[in-house]
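Student:
What follows is the structure, given as structure tokens:
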């Protein structure tokens with residue numbers, strides 16, 4: 054059937070960085086792009102949005118690209134080509150920005166793809182050694198296995214959606230899944246889409262409602278915006294309830310915005 058084709062910047066880590074900048078943060082993005090117009094365009098777009106980009110340039114692989122099919126209900130199906138993302142190396146990481154008062158956020162795709170896994174694990178280990186806190190967004194329930202949680206040993210916060218929480222624990226109820234995961238990483242926030250979100254540290258549980266959206270454009274980037282809102286609020290020393298509310302508010306903005314970025 055006929056379709057409308059648009060080109061937008063993407064990539065889960067890049068989206069989260071862009072929404073962090075929109076929320077008032079000062080994000081630094083580590084990644085890898087190809088030596089091509091798409092890579093240079095991605096760098097320039099992110100810098101214009103307020104993101105400090107530290108992107109390695111791959112001489113052979115192209116910049117990663119993803120085809121996203123958005124249905125009438127705003128939900129999406131993705132077909133990614135990782136390209137240069139699959140060649141991320143420890144040399145692409147940011148030793149000069151590691152600081153005890155900082156935070157490292159890792160998107161699960163980096164851990165789930167063999168080509169980038171070593172660099173992602175190195176980033177988490179370096180961050181912990183520097184006294185930073187670490188969070189992980191599992192990214193894709195279809196790719197998760199039991200081994201994923203072993204890779205999260207340096208993280209204190211996990212940000213799955215309901216299907217990812219189920220895939221990691223076998224628990225269908227989000228609260229039970231979250232409690233189980235909290236035993237591994239300490240704190241868990243489960244993104245529940247239109248039902249909001251819940252947080253637990255394994256003992257207490259807090260829930261927050263989603264922010265209503267009058268005109269939903271698409272859900273692309275909503276999870277990344279949620280993570281950005283949550284992390285920025287936590288960095289600003291907001292309470293857990295305030296952080297969840299800020300996350301849901303930024304996610305609602307993403308749903309009402311075409312594409313994955315502000």
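Residue numbers (this note's numbering): 54 to 315.
Quick reminder that beta carbons are idealized off the backbone N, C-alpha and C, glycines included.
Under 7 Å between the Cβ atoms of residue 174 and residue 83?
Tutor: In this structure, residue 83 does not lie closer than 7 Å to residue 174 by Cβ.
Student: Three or more C-beta pairs under 8 Å: does that hold for the segment 196 to 208 against the segment 248 to 259?
Tutor: No contact exists between the segment 196 to 208 and the segment 248 to 259.
Student: Do residue 277 and residue 68 have their beta-carbon atoms positioned less than 7 Å apart in this structure?
Tutor: Closer than 7 Å, so yes.
Student: Where does residue 260 fall in DSSP's three states?
Tutor: Of the three classes helix, strand and coil, the one that applies to residue 260 here is strand, per DSSP.
Student: Tell me the residue span of the alpha helix (DSSP H) that contains residue 176.
Tutor: Its alpha helix (DSSP H) spans residues 167 to 182.
Student: Please state whether the Cβ-Cβ distance between residue 192 and residue 223 is less than 7 Å.
Tutor: No.
Student: For the beta strand (DSSP E) containing residue 121, list its first residue and its last residue.
Tutor: Unbroken beta strand (DSSP E) run through residue 121: 118 to 123.
Student: For residue 172 versus residue 211, is the C-beta distance shorter than 7 Å?
Tutor: For residue 172 and residue 211, no; Cβs fall outside 7 Å.
Student: Nearest-angstrom Cα distance between residue 165 and residue 291?
Tutor: Those two C-alpha atoms are separated by around 31 Å.
Student: By alpha-carbon positions, which one of 117, 258 and 181 ends up nearest to residue 229?
Tutor: Comparing Cα positions, the closest option is 258.
Student: Let me know the beta strand (DSSP E) ranges lying completely inside the segment 215 to 245, each 3 residues or longer, listed in chain order.
Tutor: Those beta strand (DSSP E) runs which fall completely within the segment 215 to 245 and span 3+ residues are 240 to 244.
Student: In three-state DSSP terms, what is residue 85?
Tutor: Strand.
Student: How far does the beta strand (DSSP E) with residue 250 in it extend, from its first residue to its last?
Tutor: Taken as a continuous stretch (DSSP letters only), the beta strand (DSSP E) holding residue 250 covers 250 to 253.
Student: Could you give the residue range of the alpha helix (DSSP H) that holds residue 204?
Tutor: Looking at the DSSP string, residue 204 is not in any alpha helix (DSSP H), and its letter there is neither H nor E.
Student: Determine contact between the segment 121 to 130 and the segment 93 to 103, defined as no fewer than three beta-carbon pairs at a distance below 8 Å.
Tutor: No: the two stretches stay apart, fewer than three of their Cβ pairs being nearer than 8 Å.
Student: I'd like the list of long-range same chain contacts for residue 70, defined as Cβ closer than 7 Å, with 5 residues on each side in sequence excluded.
Tutor: If we look at residue 70 and ignore the five residues flanking it on each side, its Cβ neighbours are 80, 82, 99 and 104.
Student: Output yes or no for whether 7 Å exceeds the beta carbon distance between residue 154 and residue 280.
Tutor: Cβ atoms of residue 154 and residue 280: not closer than 7 Å.
Student: Whose CA, out of 283, 298, 287 and 254, lies closest to the CA of residue 325?
Tutor: The displayed coordinates of the chain run from 54 to 315. Any statement about residue 325 would go beyond what the structure contains.
Student: Start and end of the beta strand (DSSP E) containing residue 108?
Tutor: Segment 105 to 111, the beta strand (DSSP E) holding residue 108.
Student: Just how far apart, CA to CA, sit residue 275 and residue 313?
Tutor: Taking the straight line joining both Cα atoms gives about 7 Å.
Student: For residue 176 and residue 159, which I take to be in contact (beta-carbon distance under 8 Å), what is that distance rounded to the nearest angstrom?
Tutor: Contact holds; Cβ gap of about 7 Å.
Student: Give every residue of the same chain whose Cβ lies closer than 7 Å to the Cβ of residue 66, excluding the five residues on either side of it in the sequence, and list them in chain order.
Tutor: Around residue 66: 82, 84 and 160.
Student: When you compare each of 204, 221, 215 and 114 to residue 227 by their alpha carbons, which one comes out closest?
Tutor: Checking every option, the nearest Cα to that of residue 227 belongs to 215.
Student: Closest to residue 206 by CA distance: which of 213, 150, 236 and 219 is it?
Tutor: If we check each option's Cα against that of residue 206, 236 comes out closest.
Student: Who are the near neighbours of residue 78 in its chain, counting only those whose CB is closer than 6 Å to its CB and skipping five residues on each side?
Tutor: Correct list, in chain order: 285.
Student: Can you tell me which of 109, 183 and 220 puts its alpha carbon nearest to the alpha carbon of residue 144?
Tutor: Among 109, 183 and 220, the Cα nearest to that of residue 144 belongs to 109.
Student: Consult DSSP for residue 311 and reduce its assignment to one of helix, strand or coil.
Tutor: DSSP places residue 311 in coil when its eight states are reduced to three.
Student: Tell me which residues share the same chain as residue 125 and place their Cβ nearer than 6 Å to its Cβ, disregarding the 5 neighbours each side in the sequence.
Tutor: Answer for residue 125: no residue qualifies.
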